[in-house]
Amino acid sequence: MFVLRGESLSKRFGGVVALNGVDIEIRSGSVHGLVGANGAGKSTLVKILTGYYDAYEGQVTIDGQPIQLRSPTDAFHNGIEVVHQEVDIQLVPNLTVAENLYLETLATGDSGTVLSLNKLEREAKAYLESIGFSLPVRAKVQDLSLHEKQLLVIARALLHNVRFLILDEPTASLSLLETQKLFQLVRSLKKQGVAILYITQRLDDLPNIVDEVTVLRNGKKAAYFNGLPELTKIVEAMLDMPETDLFPKERRVSFGETVMKVENLSWKNKVSGLSFEVRRGEILVLTGLTGAGKTETLKLLFGALEPDEGRIFIDGRMVKIKDPTLAIRHGVYMVPEERRKEGLILDKTARENITMPFMKNFCGLFQKINRSLETKYAVEAAKRVALVPLDIEKQAQYFSGGNQQKIVLGRWLAGNPKILLLDEPTQGVDVGAKKEIYHLIASVTNKCAVILATSDINEAVGIGDRILVMRDGKVVAEFVKEKADPKEIMSYATGVKA
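Residues 1 to 498 in UniProt numbering are what the sequence shown spells out, letter by letter.
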């Protein structure tokens with residue numbers, strides 16, 4: 001038997017503690033389930049165990065011997081491999097199954113000889129048959145199903161004599177039949193002595209395969225179960241006690257007319273038949289676990305995705321929002337989840353990031369930019385969100401996470417939105433910045449409607465006037481603030497009845 005053990009593992013990003021003193025043990029021939037809501041620390045833990053972070057606190061051992069995990073190569077040489085939820089990042093789409101299977105060998109020349117394509121395909125076919133995998137060795141990876149891609153990455157790991165296999169949300173996008181096939185494969189790998197860390201937010205996966213469960217919450221180990229407990233106990237462990245002083249006190253806002261109405265909105269298999277409306281002055285929250293369809297819903301409303309069907313009405317008139325430019329014209333602004341990738345141009349200044357969508361407002365004769373007018377606008381926007389430091393000529397990349405979020409918020413608040421879309425607005429920011437952001441959100445509702453997506457159930461209850469719980473792209477429950485119970489919401493989000 002071999003054992004991978006993480007002891008007192010911690011990781012900080014500036015003032016944010018992503019992982020705090022977590023212990024975990026993965027043993028050969030066993031499946032260890034790892035669960036937790038979004039932001040609980042699951043991804044951070046995996047990145048430590050797979051060598052993605054070269055700096056962290058704590059110790060990792062194999063069979064009691066300390067090992068250094070400072071790069072993915074270190075993890076690979078210690079027999080640790082991962083199958084990511086976004087499995088495409090591990091494969092080369094325009095190469096065949098056979099070529100991807102032997103990718104490391106081909107890249108490093110470790111085979112000691114040049115293999116012809118025919119020989120490569122013969123070896124790949126023989127190997128896949130030997131482990132019971134049925135994959136078309138000549139097919140391009142880009143033509144495979146998601147399940148087939150997962151099989152290919154797992155087959156490659158087995159080729160490398162993997163000892164510790166990490167499966168990250170493996171059933172998130174699989175059909176029921178594909179999910180059952182994956183469970184069969186996990187059971188087979190377990191019998192072969194592979195140690196498996198199985199990460200999921202789909203709690204109904206757990207009874208099929210796991211031997212033990214660790215629950216993370218807010219970067220800490222909230223619970224450990226040897227064997228599988230009642231799923232309701234896992235749900236309770238995932239929930240945190242709300243920090244009520246973070247949120248604004250009762251807002252004295254009377255809701256106005258319906259600003260946006262959505263009918264039967266659908267997109268691929270991510271959003272299905274979504275219908276709701278939001279009124280001026282209201283904070284409508286979409287909550288649910290990662291993959292529930294919240295982000296896709298906001299992107300559909302903002303024109304970043306085009307719906308397969310459904311209608312959107314603004315102020316009673318049906319509109320077609322084909323791109324974000326049209327959304328902005330209709331007064332629909334969005335703060336995206338991935339602010340560094342989608343919300344900011346990091347090498348541009350705070351001023352440039354704030355004013356960019358509204359540059360025509362600062363152009364005078366012959367389209368010449370009135371720099372003093374632009375600067376005044378940016379300074380007022382920065383002051384409104386209490387940007388620290390109040391330096392609008394500083395590049396966005398040099399602000400803290402919380403202040404980067406303030407730049408994005410400041411941009412849209414200064415533009416007087418009609419409908420403000422916020423996707424995980426406090427993700428990755430410290431407690432102080434969270435409180436400021438909540439109060440900023442509350443302060444604008446006298447003029448606009450807010451639709452906020454969050455995986456944090458306590459955030460949903462603390463900030464929302466009305467809460468829609470999503471699961472698998474559908475609304476499965478609705479709560480008004482006065483009757484919103486975090487435990488009941490989590491039960492709907494996970495599909496586990498309380």
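Beta carbons are placed, not taken as given, at the ideal position from N, Cα and C, and that holds for glycine. Since the structure is predicted, the reported quantities are computational estimates derived from the model, not experimental observations.
query, result
"Opposite Asn226 in the DSSP bridges: which residues?", "Glu212"
"Assign Ser455 to buried or exposed, taking buried as 16 or more other Cβ atoms, counted over all protein chains shown, within 10 Å of its Cβ.", "buried"
"To the nearest angstrom, how far is the alpha carbon of Glu380 from that of Gly310?", "39 Å"
"Determine contact between the region 297-309 and the region 214-234, defined as no fewer than three beta-carbon pairs at a distance below 8 Å.", "no"
"Among Leu19, Asn38, Leu4, Ile26, which one has its Cα closest to the Cα of Asn458?", "Asn38"
"How is Pro66 classed by DSSP in three states: helix, strand or coil?", "strand"
"Does DSSP put Asp240 in a helix, a strand or coil?", "coil"
"Just the Cα atoms here: how many angstroms apart are Arg471 and Ala442?", "26 Å"
"Report, in whole angstroms, the separation of the C-beta atoms of Ser30 and Phe2, which I expect to be a contact under 8 Å.", "Ser30 to Phe2, Cβ: 11 Å. No contact."
"Sorted by chain position, which residues of the same chain lie with C-beta nearer than 8 Å to Ala386's C-beta, five sequence neighbours on each side aside?", "Lys406, Glu436"
"Quick check: Gly401 and Gly428, are their CB atoms within less than 8 Å of each other?", "yes"
"Looking at the structure shown, is Gly112 part of a helix, part of a strand, or coil, going by DSSP?", "In this prediction, Gly112 has a pLDDT of 47, which is less than 50 and means its spatial position is unreliable; what the coordinates show is noted afterwards. Looking at Gly112 - three-state DSSP - the assignment turns out to be coil, as it is neither helix nor strand."
"Based on Cα-Cα distance, which residue from Asp168, Asn94, Gly41 lies nearest to Phe13?", "Gly41"
"Between which residues of its own chain and Gly410 is the CB-CB distance below 7 Å, once the five residues before and five after are set aside?", "Ile354, Ala381, Ala382, Arg384, Val385, Leu387"
"On the DSSP bridge assignment, give the partners of Thr96 in chain order.", "Lys140"
"How about Lys497: is its C-beta nearer than 8 Å to some C-beta of chain C?", "Absent here is chain C; the protein component of the structure consists of one chain."
"Taking a contact to mean a Cβ-Cβ separation below 8 Å, would you say Thr171 touches Leu182 in this structure?", "yes"
"Can you say whether Gln184 is buried or exposed, counting buried as having 16 or more other CB atoms within 10 angstroms of its CB?", "exposed"
"To the nearest angstrom, how far is it from the Cα of Asn446 to the Cα of Phe479?", "22 Å"
"Does the distance from the C-beta atom of Leu69 to that of Ala98 stay below 8 Å?", "no"
"Which residue marks the beginning of the beta strand (DSSP E) containing Asp23, and which one marks its end?", "16-27"
"Report buried or exposed for Thr96, applying the criterion of at least 16 other Cβ atoms within 10 angstroms of its Cβ.", "buried"
"Would you kindly check if the distance between the Cβ of Val408 and the Cβ of Gly331 is under 8 Å?", "no"
"Assign Arg280 to one of three DSSP states: helix, strand, or coil.", "coil"
"Do Ile419 and Leu197 count as a contact pair if the criterion is CB distance below 8 Å?", "no"
"Under the three-state reduction of DSSP, which class applies to His77: helix, strand or coil?", "helix"
"Note down, in chain order, each residue of its chain lying with its Cβ closer than 8 Å to the Cβ of Gly21, except the 5 sequence neighbours on either side.", "Ser8, Leu9, Ser10, Gly58, Lys220, Lys221"
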